[in-house]
Amino acid sequence: MRYFQIFRVAYKALGRNKMRSSLTMLGIIIGVGAVIAMVGIGEGAKKMINTQIASLGENLLTIFPGSHMAGGAHSGAGTMTTLTEDDALALRTECPAVSKVSPVVRSGGQVVAGNLNWGTSIEGYSPEFLSIRSWSMASGTFFTDQDVKGATKVCVLGETVVANLFPGQDPVGEIIRIKKLPFRVIGVLSPKGQNAFGRDQDDMIVAPYTTVQKKLLGVTYVNYLIASAVNRSQMDAAIDQITELLRRRHRILPGQDDDFTVRSQLEIATAASSTSKIMGLLLGVVASISLIVGGIGIMNIMLVSVTERTREIGIRMAVGAKGKDILIQFLVESIVLSLIGGIVGIMLGALSSKLISTIFHWPIFTSVSAIALSFFFAGFVGVFFGFYPARKASLLDPIEALRYE
Amino acid sequence: MDQVISAEHLVKIYTLGDYEIHALRGIDLSIEKGGFVAIMGPSGSGKSTLMHILGCLDRPTRGKYLLEGEDISSLDRNSLARIRNQKIGFVFQSFNLLSRTTALENVELPLLYNNSYSKERIEKAKKALCLVGLEGRENHYPNKLSGGQQQRVAIARALVNDPAIILADEPTGNLDTRTSIEVMEIFQTLNESGITILVITHEKDIAMYAKRNITFRDGKIVKDEIVHARKIAKDELLSLPETEPEEDA
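Quick note, the sequences are listed as chains A and B, same order.
So for the first sequence, the numbering used here puts the first residue at 1; every next one is plus one.
So for the second sequence, the numbering used here puts the first residue at 1; every next one is plus one.
Okay, structure coming up:
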């Protein structure tokens, strides 16, 4: 039989039992819809976690000074002051896997602008801050290397600080007082929201680290360093190079412990993405089970259909249909059922994904590969569950089939 | 003369558990081209079994069967299907049309299985319907046709592939007298145009329209004779009292 004819016959046969055909399809529709929506949710969660991690800074490395030990009691990491500005400069020039470095000097205090005041943290960085932390400016400009060299009293405000000190105004060009010293506001950072631990990242003032060291704190050390690896695959190389360099600079003998710690974003990222991978897999498995149940529904209906149409099969065989022709006819019917179900299911899945993401504000990512995969999976279910009934039909004895009432 | 059917010592034995049923006990039969044979016999005499074997729906247990010179006895399922498609036209007692399928599509059915093109199929099917006098009813569904009309659709279906022989199993069994004669008229007309026909019936009246009668009993041929007082359906119809012309249901 010609292909077009096969599909026409299948289409007509299914059209004769519209109610039954659509109920059978419903199983596949729900199965495919569930796969699309569930995989979408899994993908969306993965994407969200990835962007959150990326928002901390692309390929971010943090170098803390070693912990201070007094009388056998370890204080927390970062309580020692072994890291200096020169360490930062050395990292920048001597570690090929490190692209950018910024010292971090942290202070805090009451900030006054006009008749308003606000207690916040004042953090000193180098101009590389923006690219290391993947941050951008909402308005104005960031300070430059000149400002760092001259320890000028300029600063950049976070969104929360602007809201409290300059409600409804543009702060760029204004003067604020930090610990009684006047600072000129040269820019505003774009809002970044809370970090993974719930801290408001916009509640801070950024200034050149030299300014914080000399004008606010009067110290020469830095609190810690942040750095960027050249790319994600160079993270481990960067950690090794930094460790090697700092041990040399700090004259640590072999066998002695480091007086610093290097932490990477990668550890967190790997843990988070493997969690979301497992979640996506689980959702996919649960949804696939409903697709298989839909397939069993197809098999059930096709078996009923073969029995009901025994006489038709007999007639077709009497006029010359081979077993293969009958097999293909019933197989195509179940494939058509499952593929139409698949297409409707894809639309339903995409629609419900859209609905879920609008109502619950979940990020849902419907990927083309998930759509293609579930479409082919639906087709496979049609073939797999349609084969047994179709084979049964093709093996009927024409004489018996013609006699069947 | 060309033999359409030539069977030698056909034996068919069914095994039901421990029992053996001898449905055919050595049948020798030959039917020449253009023949019109009626097979009669009581039920259980093996005439349906013979029909199944001659129609390539079944294979004989023993014996040799040549259809247009081709040995059928040892062919496999697929080859038998091909033979049925190309050389055999079936007409059944219960019409066996596909319901919810138009007359035209029913007639097209055998052509679906030999890769004919759509245009050719429709042309042949229309011609066959025309031959049985059903022009203009191509798009009627079987349930909108009378019994006689349904049987004529079935005859058109049997004709459509230019078969070597038409096998009709009790073709008039479900029809009234007049319609039966109308069906036999079609068979006679087709036979005159050269088509070989084999009819199975248990009505003596119907057998009288054929050229040759074969009587079966217990799986054997007991009588094989030329019909001398052959009835001509056309004349019979004229002598029947006038009835209302057949209406579309």
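Glycine included, C-beta positions come from ideal geometry on N, C-alpha and C.
(message) Within the continuous alpha helix (DSSP H) that includes A/Asn421, where are the two ends?
(response) Residue 421 of chain A is absent from the structure shown; chain A starts at 1 and stops at 405.
(request) Could you check how far apart the C-beta atoms of A/Leu402 and A/Arg311 are, in whole angstroms? I think they sit under 8 Å. (result) What you label residue 402 of chain A is simply residue 402 of the first sequence in a count that begins at 1. What you label residue 311 of chain A is simply residue 311 of the first sequence in a count that begins at 1. So it is a contact: roughly 7 Å between Cβ atoms.
(message) Would A/Glu333 pass as an interface residue toward chain B - the criterion being a Cβ-Cβ separation below 8 Å?
(response) Along the first sequence, one-based indexing puts residue 333 of chain A at 333. So, not an interface residue.
(message) Between A/Ala45, A/Ile226 and A/Arg2, which has its C-alpha nearest A/Thr84's C-alpha?
(response) Sequence index remark: in the first sequence, residue 84 of chain A carries index 84 (1-based). That would be A/Ile226, whose Cα lies nearest to the Cα of A/Thr84.
(request) Below 8 Å on the Cβ atoms is my guess for A/Pro182 versus A/Lys153; work out the distance and round it to an integer in Å. (result) Against the first sequence, residue 182 of chain A aligns to sequence position 182. Against the first sequence, residue 153 of chain A aligns to sequence position 153. That belief holds up - the Cβ atoms of A/Pro182 and A/Lys153 are roughly 6 Å apart, short of 8 Å.
(request) Let me know if B/Arg152 comes out buried or exposed under the rule of 16 or more other beta-carbons within 10 Å of its beta-carbon. (result) In the second sequence, counting from the first residue as 1, residue 152 of chain B sits at position 152. Looking at its Cβ environment, which holds 16 or more other Cβ atoms inside 10 Å, B/Arg152 is buried.
(request) Could you check what DSSP says for A/Gly193 in three-state terms: helix, strand or coil? (result) Within the first sequence, numbered from 1, the residue matching residue 193 of chain A stands at position 193. Coil.
(message) Can you tell me whether A/Pro398 is helix, strand or coil according to DSSP?
(response) Numbered from 1 along the first sequence, position 398 holds the residue referred to as residue 398 of chain A. Here A/Pro398 sits in helix by DSSP.
(request) Show which residues of chain B have a CB atom less than 7 Å away from the CB atom of A/Ile315. (result) The residue you call residue 315 of chain A lines up with position 315 of the first sequence. Simply Asn96 and Leu98.
(message) Residues in the same chain with beta-carbon distance under 8 Å from B/Ser45, minus the five sequence neighbours each way, listed in chain order, please.
(response) Here residue 45 of chain B is taken as the residue at index 45 of the second sequence, counted from 1. Same-chain partners within the cutoff: Phe216, Arg217, Asp218 and Gly219.
(request) Would you list the one or two residues that DSSP bridges to B/Phe90? (result) Counted from its first residue, the second sequence places residue 90 of chain B at position 90. Beta-bridge pairing links B/Phe90 to B/Leu167.
(request) Please state if the CB of A/Leu60 and the CB of A/Ser233 are separated by a distance shorter than 8 Å. (result) Locating residue 233 of chain A in the first sequence gives position 233, counting from the first residue. Locating residue 60 of chain A in the first sequence gives position 60, counting from the first residue. In this structure, A/Leu60 does not lie closer than 8 Å to A/Ser233 by Cβ.
(message) Residues of chain B with CB closer than 8 Å to the CB of A/Ile399, please, in chain order.
(response) Residue numbering aside, residue 399 of chain A sits at position 399 when the first sequence is read from its first letter. Result: His52, Leu57 and Asp58.
(request) Rounded to whole angstroms, what's the CA-CA distance from A/Ile268 to A/Ala370? Just pull it up for me. (result) Position 268 of the first sequence holds residue 268 of chain A. Position 370 of the first sequence holds residue 370 of chain A. Their backbone Cα atoms lie some 27 Å apart in a straight line.
(request) Check the Cβ of B/Phe90 against every Cβ in chain A and list those closer than 8 Å, keeping chain order. (result) The sequence position of residue 90 of chain B within the second sequence is 90, counting from 1. Those within 8 Å of B/Phe90 in chain A are Ala318 and Val319.
(request) Report the neighbours of A/Arg2 on chain B: residues whose CB is nearer than 7 Å to its CB, in chain order. (result) On the first sequence, position 2 is the one that residue 2 of chain A refers to. Near A/Arg2 (Cβ distances below 7 Å), the residues of chain B are Asn115.
(request) Could you check how far apart the C-beta atoms of A/Gly382 and A/Ile313 are, in whole angstroms? I think they sit under 8 Å. (result) Start at 1 with the first residue of the first sequence, and residue 382 of chain A comes out as number 382. Start at 1 with the first residue of the first sequence, and residue 313 of chain A comes out as number 313. Wrong, their Cβ atoms sit about 20 Å apart, outside the cutoff.
(request) Specify the secondary structure class of B/Asn174 as computed by DSSP and reduced to three states. (result) Along the second sequence, read from residue 1 onward, the residue named residue 174 of chain B stands at position 174. Three-state result, B/Asn174: coil.
(request) Return the first residue and the last residue of the beta strand (DSSP E) that B/Arg62 is part of. (result) Translated into the one-based positions of the second sequence, residue 62 of chain B becomes position 62. Unbroken beta strand (DSSP E) run through B/Arg62: Arg62 to Leu67.
(message) Counting C-beta neighbours from all protein chains within 10 Å, is the total for B/Ala249 16 or more, i.e. buried, or is it exposed?
(response) Position 249 of the second sequence, counting from 1, holds the residue named residue 249 of chain B. Low confidence applies here, because B/Ala249 scores a pLDDT of 45, under 50, leaving its location unreliable; read the following figure in that light. By the 10 Å Cβ count, B/Ala249 comes out exposed.
(request) Look up A/Gly218 in the DSSP assignment and say whether it is helix, strand or coil. (result) Walking along the first sequence from the start, residue 218 of chain A turns up at place 218. A/Gly218: coil per DSSP, three-state reduction.
(request) Could you tell me which of B/Arg77, B/Pro42, B/Glu70 and B/Ser43 sits nearest to B/Arg59, measuring between CA atoms? (result) Within the second sequence, residue 59 of chain B is the residue found at index 59, counting from 1. Checking every option, the nearest Cα to that of B/Arg59 belongs to B/Arg77.
(message) If the criterion is Cβ atoms closer than 8 Å, does the pair A/Ala204 and A/Val161 meet it?
(response) By 1-based counting over the first sequence, the position of residue 204 of chain A is 204. By 1-based counting over the first sequence, the position of residue 161 of chain A is 161. One point to set straight first is that residue 204 of chain A is Met, not Ala, in the sequence displayed. Yes, Cβ-Cβ distance for A/Met204 and A/Val161 is below 8 Å.
(request) Starting from A/Thr261, follow its DSSP beta bridges and name the residues at the other end. (result) Position 261 of the first sequence, counting from 1, holds the residue named residue 261 of chain A. Bridge partners of A/Thr261: A/Phe64.
(request) Using a Cβ cut-off of 8 Å, pull out every chain B residue sitting near A/Arg16, in sequence order please. (result) Mapped onto the first sequence, residue 16 of chain A falls at position 16. Within chain B, the residues near A/Arg16 are Arg100.
(request) Within the same chain, show all residues whose beta-carbon is closer than 6 Å to that of A/Ile186, passing over the 5 residues directly before and after it, in chain order. (result) Position 186 of the first sequence, counting from 1, holds the residue named residue 186 of chain A. Result list for A/Ile186: Gly140, Thr141 and Val154, in chain order.
(request) At 8 Å on the CB atoms, spell out the chain B contacts of A/Glu312, in chain order. (result) Mapped onto the first sequence, residue 312 of chain A falls at position 312. Residues of chain B passing the Cβ test: Leu98.
(request) Please state whether DSSP places A/Ile364 in a helix, a strand or coil. (result) The sequence position of residue 364 of chain A within the first sequence is 364, counting from 1. DSSP places A/Ile364 in coil when its eight states are reduced to three.
(request) Identify every residue that forms a DSSP beta bridge with A/Ala350. (result) Residue numbering aside, residue 350 of chain A sits at position 350 when the first sequence is read from its first letter. According to DSSP, A/Ala350 bridges with nothing at all.
(message) If we define contact as Cβ-Cβ less than 8 Å, is A/Leu327 a contact residue for chain B?
(response) Indexing the first sequence from 1 puts residue 327 of chain A at position 327. No - not a single Cβ of chain B is within 8 Å of the one on A/Leu327.
(message) Taking a contact to mean a Cβ-Cβ separation below 8 Å, would you say A/Gly109 touches A/Leu283 in this structure?
(response) Your numbering for residue 109 of chain A matches position 109 in the first sequence. Your numbering for residue 283 of chain A matches position 283 in the first sequence. Cβ distance not < 8 Å, so A/Gly109 and A/Leu283 don't count as in contact.
(message) Cβ closer than 8 Å: which chain A residues qualify as neighbours of B/Asn78?
(response) As a working mapping, residue 78 of chain B is identified with position 78 in the second sequence. Near B/Asn78 (Cβ distances below 8 Å), the residues of chain A are Lys322, Gly323 and Lys324.
(message) Run through chain A and tell me which residues come within less than 7 Å of B/Asn85, C-beta to C-beta.
(response) As a first step, residue 85 of chain B must be located in the second sequence, where it is residue number 85. Per Cβ cutoff of 7 Å: Val319 and Gly320.
(request) Could you tell me whether the Cβ atoms of B/Lys234 and B/Met208 are closer together than 8 Å? (result) On the second sequence, residue 234 of chain B is found 234 positions in, with the first residue counted as 1. On the second sequence, residue 208 of chain B is found 208 positions in, with the first residue counted as 1. Contact: no.
(message) Against B/Pro110, what residues of chain A qualify as contacts under a CB-to-CB distance less than 7 Å, listed in chain order?
(response) For the purposes of this step, residue 110 of chain B is taken as residue 110 along the second sequence, with counting starting at 1. Going along chain A in sequence order, the residues near B/Pro110 (Cβ under 7 Å) are Val319 and Gly320.
(request) Could you confirm whether any beta carbon from chain B is found closer than 8 Å to the beta carbon of A/Gln52? (result) Here residue 52 of chain A is taken as the residue at index 52 of the first sequence, counted from 1. Not one chain B Cβ lies under 8 Å of A/Gln52.
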